[in-house]
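Each residue of the sequence shown is one higher than the one before, counting from 1 in the numbering used here. Beta carbons: idealized from backbone N, C-alpha and C, even for Gly. Okay, structure first, notes after.
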Amino acid sequence: MLTSRARRSTAVTLALAAAAVLGSPSATTPAVAVPARMPEPSPADTARNELADLAVEAPHPMTGYSRAKFPHWIQQGDDCDTRETVLKRDGQNVTQDAKCRATSGTWHSLYDGKDFTSASQLDIDHMVPLANAWRSGADHWETPRRKQFANDLTHSQLIAVSAASNRSKGDQSPDQWSPPDRTYWCTYSRAWVDVKYLYDLSVTEAEANQLVAMLNTCD
Numbered sequence: 001m002l003t004s005r006a007r008r009s010t011a012v013t014l015a016l017a018a019a020a021v022l023g024s025p026s027a028t029t030p031a032v033a034v035p036a037r038m039p040e041p042s043p044a045d046t047a048r049n050e051l052a053d054l055a056v057e058a059p060h061p062m063t064g065y066s067r068a069k070f071p072h073w074i075q076q077g078d079d080c081d082t083r084e085t086v087l088k089r090d091g092q093n094v095t096q097d098a099k100c101r102a103t104s105g106t107w108h109s110l111y112d113g114k115d116f117t118s119a120s121q122l123d124i125d126h127m128v129p130l131a132n133a134w135r136s137g138a139d140h141w142e143t144p145r146r147k148q149f150a151n152d153l154t155h156s157q158l159i160a161v162s163a164a165s166n167r168s169k170g171d172q173s174p175d176q177w178s179p180p181d182r183t184y185w186c187t188y189s190r191a192w193v194d195v196k197y198l199y200d201l202s203v204t205e206a207e208a209n210q211l212v213a214m215l216n217t218c219d
């Protein structure tokens, strides 16, 4: 039987292999099968178990951090990059031009409950921000793993939300920022824990305590 750490390693290794194919400029990039919405994170009880399994430690220093160390918005097929793919996935009746840019559609931002009809009003949020990941273990990763993390369409790591809410969040953890729409706290905390668990990232004590409180809203 695989241990929890082995299951995480297997999941990320398979995702990295897929990313290697997508990232190869010499290969024809295949279209990616993308779910109709952000992939559903683990149920609350599973998320609680995952949270209990995470290392609790102080944040790592930001020394050496750069967003460029997490190659993001890579090509995902049909000339669409990760951002454009998520905009299409998370919207309704989205139309795109020949360069895959969203020209019309409607989007509901789950962080603040607001609706939008222009893609320019949206950001693609990394559920666990790149800088937060750096402080919790990604500072030791190699580039392929960081690239997969920054473009992960398989897990609950990327979501289209209002630009205002994304920029308010910044690189903060749940003890520092939580979605203004509290009805989303259950899904948000489950997704945050799931991503940290899958990528073997740590949490701070304050972060863990807030996640426990947010997971309790699932009951």
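- Message: What does DSSP give as the partner residue(s) for residue 107 in the beta ladder?
- Response: DSSP, once it has assigned bridges, lists 91 and 116 as partnering residue 107.
### Message
Going by C-alpha to C-alpha distance, which of 203, 219 and 123 sits closest to residue 90?
### Response
Closest by alpha carbon: 123.
| For residue 126, three-class secondary structure by DSSP | Reduced to three states, the DSSP call for residue 126 is strand.
Measuring CB to CB, does residue 215 end up less than 9 Å from residue 133?
-> Their beta carbons are not under 9 Å apart, which means residue 215 does not touch residue 133 by this criterion.
Using the C-alpha atoms, what's the distance from residue 68 back to residue 28?
In this prediction, residue 28 scores a pLDDT of 32, lower than 50, which makes its location untrustworthy; the coordinate-derived value is nonetheless stated afterwards. A straight-line Cα-Cα distance of about 25 Å links residue 28 and residue 68.
Pick out whichever of 109, 93, 75 and 95 has its Cα sitting closest to the Cα of residue 180.
Comparing Cα-Cα distances from residue 180 to each of 109, 93, 75 and 95, the minimum goes to 109.
Check your understanding: Apart from the five residues on each side of it in sequence, which residues of its chain come closer than 6 Å, Cβ to Cβ, to residue 206?
Key -> Excluding sequence positions up to five before and after residue 206, its CB lies within less than 6 Å of the CB of 175, all in the same chain and listed in chain order.
For a quick check, are the C-beta atoms of residue 195 and residue 148 less than 9 Å apart? No Cβ-Cβ contact shorter than 9 Å links residue 195 with residue 148.
Could you tell me which uninterrupted beta strand (DSSP E) segments, each at least 3 residues in length, are contained entirely in the region 135-175, listed from first to last along the chain?
Within the region 135-175, the complete beta strand (DSSP E) runs of at least 3 residues are 158-162.
*Rank 199, 212, 145 and 151 by C-alpha distance to the C-alpha of residue 178 and give the top, closest one.*
Looking at the Cα atoms, 212 is the closest of the given residues.
If you draw a straight line from the C-alpha of residue 86 to the C-alpha of residue 55, how long is it? Near 30 Å, if we compare the C-alpha coordinates of residue 55 and residue 86.
Exercise. Nearest CA to the CA of residue 73: which residue from 151, 48, 127 and 190?
Worked result: Comparing Cα positions, the closest option is 151.
- Measure the Cβ-Cβ separation of residue 129 and residue 64 and say whether it is below 9 Å. No Cβ-Cβ contact shorter than 9 Å links residue 129 with residue 64.
### Span of the alpha helix (DSSP H), counted from its first residue to its last, around residue 194
Note, residue 194: alpha helix (DSSP H), 185-198.
Quiz item: Any chance the region 92-105 sits against the region 157-166, with 3 or more Cβ pairs inside 8 Å?
Solution: Flag = no, the region 92-105 and the region 157-166 do not touch.
Write down the C-beta distance between residue 217 and residue 185 rounded to the nearest angstrom, noting that I regard them as a contact closer than 8 Å. Their Cβ separation, rounded to whole angstroms, is 5 Å, which keeps residue 217 and residue 185 in contact under 8 Å.
Q. Taking residue 118 as the reference, which of 159, 101, 112 and 131 has the closest Cα?
A. Nearest of 159, 101, 112 and 131 to residue 118, Cα basis: 101.
Is residue 57 buried or exposed, if buried means 16 or more other CB atoms sit within 10 Å of its CB? By the neighbour-count rule (16 or more Cβ atoms within 10 Å), residue 57 is not buried but exposed.
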